[in-house]
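Chains as they are written, first to last, in the working numbering: chain A, 1 to 330; chain B, 1 to 330. Yeah, the Cβ is synthetic: ideal placement off N, Cα and C, and Gly gets one too. Notes follow once the structure below has been shown.
Protein chains: 2
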Amino acid sequence: MSTIDDVAQRAGVSVATVSRVINGSSRVSHETAAKVRQAIAELDYRPNLLGRNLRRTKSERVLVLLPNIANPFYAEIVKGIEDIASKYGYSIMLCNTDSDLEREMKYVGMLKSYLADGAILMASEMTNENLAELSREIPIVQCCEYKAGLPITHVSIDNEMAAYKAVNHLIGLGHRRIAFIGARNQFLSSVLRKEGYIRALKEAGIDFDPAYCGYGDYSYKSGFRIMKQLLNLDPRPTAAFCISDLMAIGAIRSAMEENIRVPEDLAVCGFDNIYFARVFKPTLTTVSQPMYDLGCTAMEALISIIEGKNTGTTHYSLEHELIIRESTVK
Amino acid sequence: MSTIDDVAQRAGVSVATVSRVINGSSRVSHETAAKVRQAIAELDYRPNLLGRNLRRTKSERVLVLLPNIANPFYAEIVKGIEDIASKYGYSIMLCNTDSDLEREMKYVGMLKSYLADGAILMASEMTNENLAELSREIPIVQCCEYKAGLPITHVSIDNEMAAYKAVNHLIGLGHRRIAFIGARNQFLSSVLRKEGYIRALKEAGIDFDPAYCGYGDYSYKSGFRIMKQLLNLDPRPTAAFCISDLMAIGAIRSAMEENIRVPEDLAVCGFDNIYFARVFKPTLTTVSQPMYDLGCTAMEALISIIEGKNTGTTHYSLEHELIIRESTVK
DNA sequence: AATGAAAATGTAATCGATTACATTGATTTT
DNA sequence: AAAATCAATGTAATCGATTACATTTTCATT
C-alpha cells in the first residue's frame, strides 16, 4: 500500500536515505535511521519487489521445475534445494510441469522474462536444442533425470553402476530370468540403468532378451500393467529390476493379485528408496539415491553459476547404495 | 536480453506501438504490426515481466502455500488449482512451508511485496490475527485445513459429518472401544473431526474415553507411534479412526508388527483417500475428500476475489464419501 | 480544395525502487 | 583562518514496461 515516497515524507528525509536504511548500503546517522525505521513500522511499509528487482535486474529467486509433486522422490530433493537456497538468501518457487511440455514452456517463459535468476530442471521435456539455448541465456542445472551430451551442469548418481549392482544382487540370488521394467524416454538416467542391467546379465553369461523388458512412466500404474504382461510369458521371469520404487510396488501388487509370492516366486528390486519403500509389505529392496544431497548439490551449483563464480559445466555424481529388504530376500 | 526499445528501433516505430502490438490494446495497421512482430521474432524478445507487472500493479500470479509437497493429499488439490488457474490465465507457484511459520512468513512477505495477486493457504501456521490482517490487504482463500471464525473465504468438506459417518461405520461393525488418532492444532478441520467422533460415540451410548485418543501430525510416523501406545492399553481398542490416511497406514503397520491382524483384531479407518489407500495391503477404508474439486473451487473463489467480483466471504463445503475397504471389513 | 472525423502513431509521464553524482555541513589539517 | 577531508543527505537518472494525451496521416464529405 505505501511506497518508499510515503516513508520518506513521513520521516522527513529523501527516498535515497530510506533506501540506504533498508539496504544498509552506506552510512546513515543514527537518529535519521531511527526516524526512518519508525516511519517504516508505522506505515507497515514493504519494498515493492517488482520495483527493486527491476532496478537491480536480480530477483534472488529460483524456479524448480519438477514433473510431479505427487512423486515422493522429489519431495526430499526439494528439501535439500530449499535448505541451501535459504542459506544463501534465495527463495524458490516450485513449478509442477506434469511432464507437459506446454506447461513447462510457460514456466520457462517466466524465467526468460526475468522473474527468476535461474532454475533447477528435473526431468525436463524440452528438446536438447532448446535446453542448450536456454542454458546459454539463463543459469540452469539439471538434477537427476537429465538429457545427455549438453554443456549443462547436472547432478545425479552413477545410474549405470547402480543398476548393475542391483541386477548383480538378483543374479547372486540365483535368478537367471530377470525382467527389466523401465521407461523409454530421452533421459540419460533411464538409458544408463538399462545399460547397467545388460552389463550385469552379460557378465553372468545370461542372454539379454527384449521380451523380458517392459516400458512405462515411473508410475505405480505402469509398473502394475507391465508386470501383468510379463507374468504371461512362459517361462515367466523369477525376478524384476524396476527403475522406480513406484513401479516396483505396482509390479508386486500385480504379482500378488496372481497369487505369486514375493520374494519366493518373484524377487523385485526398485530404485530411489522413497519413504514408502520401507512401509510397503514386503519392504522393498532398492537403490538408495541421496535425494537430499542431490538437491543441495544442485542448488549450490546453480547459485555458483548465477553469481558468476562458475562458468564451466560440471557433472556431479553422488554416491548411491543398494538396500536389501524383503522383496528380494526372505 | 533485448528490450521493448530495441524492438521499437528495429521495427522503426515507437515503443508505444510495440506495446500495442503485444497487447492488442488498440488498432495498429497491418503492415506495422507485421514489422513489429518480425522484429520481436528476430530479437527473440520477451516483455520483462517485472516492468510490466510494476506498471500494471498486477502479476496474474498466485501463490499456493502448502505444508508439505510430500503429502500426496495435496498433489491432487494442486492439480485442480492449476487447471483453473490456467483456464483464467494465471500462473501458480507452489511454496513449501514445511509447517514452519518462519518459512511461511517469508512467502507471505513476497505476497505483500506485490509478487503475486493473491494466495491459497493450506494449513497455515499464522495466528488468527495475522491471517485476518493479511486478508484485509490481500486476496486469500483457505483450503482444507483452515482457521475458524475468520472473515476469510474457505473451502473444505463437512468434517464433522465425515468423521461421524466413519465412526458410525465402525460402531455398526460391532466395535465399542474405538480409538481416535488425531492432531492437536488450531485447524477447525481437526477439531470438527474429533467432534464427529464424539457425537457418534455418544449416540451409540459409548462413553468417550480420552485414554483412547492420541495426537500426532498427520504423518505415517506419528500414526505408527500412537498406535504402539494405544495397543498397550488394557483392554485395548478394537478399532481406530485416524484423521489422515498416512496415520492410518502407520497405525496398521504398527499393529502388524505386534502380530495383530487388521481388520480381524483391529479395524482401522483413515481420512483423505490418497492414492496409496487402495495400494496398501490391506486396502484402506477411508473418507474420500474431493481433492481435485477442492482445488478448483478454491482457485475459482480466489480469482473472483482478485478480480473484485466477490467481496464477501463465502464458506464452501463440498461433498465427501465414506469408502469401505479391507482395513475394516474382511 | 477545404473541412472534419477517424485511424495510426508518437511523446512523455508513470509504476517503485536503487544509485551515481552533487551538495551541504562538520571536522581536521595546515 | 583557509583548505582539505569526510560523513550525511539530497537530486535526478534509471530499470522496462504501459498508457493518457498529443500529433500526424488518411480519407470521406461537402
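Are residue i and residue j closer than 8 Å when you measure CB to CB?
{"i": "H315/B", "j": "Q289/B", "result": "no"}
{"i": "A240/B", "j": "A251/B", "result": "yes"}
{"i": "C269/A", "j": "C242/A", "result": "yes"}
{"i": "A248/B", "j": "Y197/B", "result": "no"}
{"i": "I92/B", "j": "E82/B", "result": "yes"}
{"i": "I303/B", "j": "Y90/B", "result": "yes"}
{"i": "S2/A", "j": "L43/A", "result": "yes"}
{"i": "A116/A", "j": "S59/A", "result": "yes"}
{"i": "L65/B", "j": "Y107/B", "result": "yes"}
{"i": "V78/B", "j": "G216/B", "result": "no"}
{"i": "R325/B", "j": "T297/B", "result": "no"}
{"i": "V15/B", "j": "D5/B", "result": "yes"}
{"i": "L201/A", "j": "V167/A", "result": "yes"}
{"i": "S244/A", "j": "F280/A", "result": "no"}
{"i": "K112/B", "j": "I138/B", "result": "yes"}
{"i": "I157/B", "j": "S317/B", "result": "yes"}
{"i": "M291/A", "j": "G80/A", "result": "yes"}
{"i": "T32/B", "j": "V13/B", "result": "yes"}
{"i": "L322/A", "j": "K165/A", "result": "yes"}
{"i": "L192/A", "j": "E160/A", "result": "yes"}
Taking all protein chains shown into account, do 16 or more other C-beta atoms lie within 10 angstroms of the C-beta of residue i, making it buried, or fewer, making it exposed?
{"i": "L188/A", "result": "buried"}
{"i": "H30/B", "result": "exposed"}
{"i": "S25/A", "result": "exposed"}
{"i": "Q229/B", "result": "exposed"}
{"i": "D55/B", "result": "The amino acid occupying residue 55/B in the given sequence is Arg; Asp does not appear at that position. Exposed, because fewer than 16 other Cβ atoms sit within 10 Å of the Cβ of R55/B."}
{"i": "N53/B", "result": "buried"}
{"i": "V62/B", "result": "buried"}
{"i": "D234/A", "result": "exposed"}
{"i": "D100/B", "result": "exposed"}
{"i": "T57/A", "result": "exposed"}
{"i": "V329/A", "result": "exposed"}
{"i": "S190/B", "result": "buried"}
{"i": "E104/A", "result": "buried"}
{"i": "P72/A", "result": "buried"}
{"i": "G205/A", "result": "exposed"}
{"i": "Q38/B", "result": "exposed"}
{"i": "G118/A", "result": "buried"}
Within the continuous alpha helix (DSSP H) that includes residue i, where are the two ends?
{"i": "H169/B", "result": "N159 to G172"}
{"i": "Y292/B", "result": "M291 to I306"}
{"i": "M223/A", "result": "The residue you asked about is not Met; residue 223/A is Gly in the sequence shown. Y220 to L230 is the span of the alpha helix (DSSP H), which, as asked, contains G223/A."}
{"i": "R199/B", "result": "L188 to E203"}
{"i": "A251/B", "result": "D245 to E257"}
{"i": "V7/B", "result": "I4 to A11"}
{"i": "I40/A", "result": "H30 to L43"}
{"i": "S135/B", "result": "N128 to E137"}
Considering only C-alpha positions, which residue in the set the options is nearest to residue i?
{"i": "I181/A", "options": "T328/A, M227/A and R61/A", "result": "M227/A"}
{"i": "C144/B", "options": "A123/B, Y220/B and L150/B", "result": "A123/B"}
{"i": "I84/B", "options": "E326/B, D293/B, L318/B and E137/B", "result": "D293/B"}
{"i": "T285/B", "options": "R225/B, P263/B, Y114/B and R253/B", "result": "P263/B"}
{"i": "T311/A", "options": "Q186/A, I152/A and D272/A", "result": "I152/A"}
{"i": "E129/B", "options": "A148/B, G216/B and V287/B", "result": "A148/B"}
{"i": "P237/A", "options": "D245/A, Y220/A and F208/A", "result": "F208/A"}
{"i": "S254/B", "options": "I138/B, F224/B and K309/B", "result": "F224/B"}
{"i": "I274/B", "options": "G118/B, V7/B, S219/B and G109/B", "result": "S219/B"}
{"i": "T313/B", "options": "R37/B, A132/B, N23/B and T17/B", "result": "A132/B"}
{"i": "A183/A", "options": "S327/A, A8/A, S19/A and E195/A", "result": "E195/A"}
{"i": "T97/A", "options": "K165/A, M161/A and I120/A", "result": "I120/A"}
{"i": "E203/B", "options": "Q186/B, S19/B and R176/B", "result": "R176/B"}
Which residues bound the beta strand (DSSP E) around residue i?
{"i": "S288/A", "result": "T285 to S288"}
{"i": "D98/B", "result": "Note, D98/B: premise wrong, no beta strand (DSSP E); not H, not E."}
{"i": "I120/A", "result": "G118 to L121"}
{"i": "L322/B", "result": "E321 to I323"}
{"i": "S317/A", "result": "H315 to L318"}
{"i": "D272/A", "result": "A267 to D272"}
{"i": "A240/A", "result": "A239 to C242"}
{"i": "V141/A", "result": "I140 to C143"}
{"i": "I22/A", "result": "Per DSSP, I22/A belongs to no beta strand (DSSP E); it is in the alpha helix (DSSP H), V15 to N23."}
{"i": "A179/A", "result": "I178 to A183"}
{"i": "Y215/B", "result": "C213 to G216"}
Is any non-hydrogen atom of the ligand NAD found closer than 7 Å to the C-beta of residue i, if you look at the structure I gave you?
{"i": "L121/B", "result": "Questions concerning the ligand NAD fall outside what the structure shown contains, since it holds no ligand whatsoever."}
May I have a chain-ordered list of the alpha helix (DSSP H) segments no shorter than 4 residues that lie completely inside the region 45 to 91 of chain A? 49 to 56 and 72 to 87
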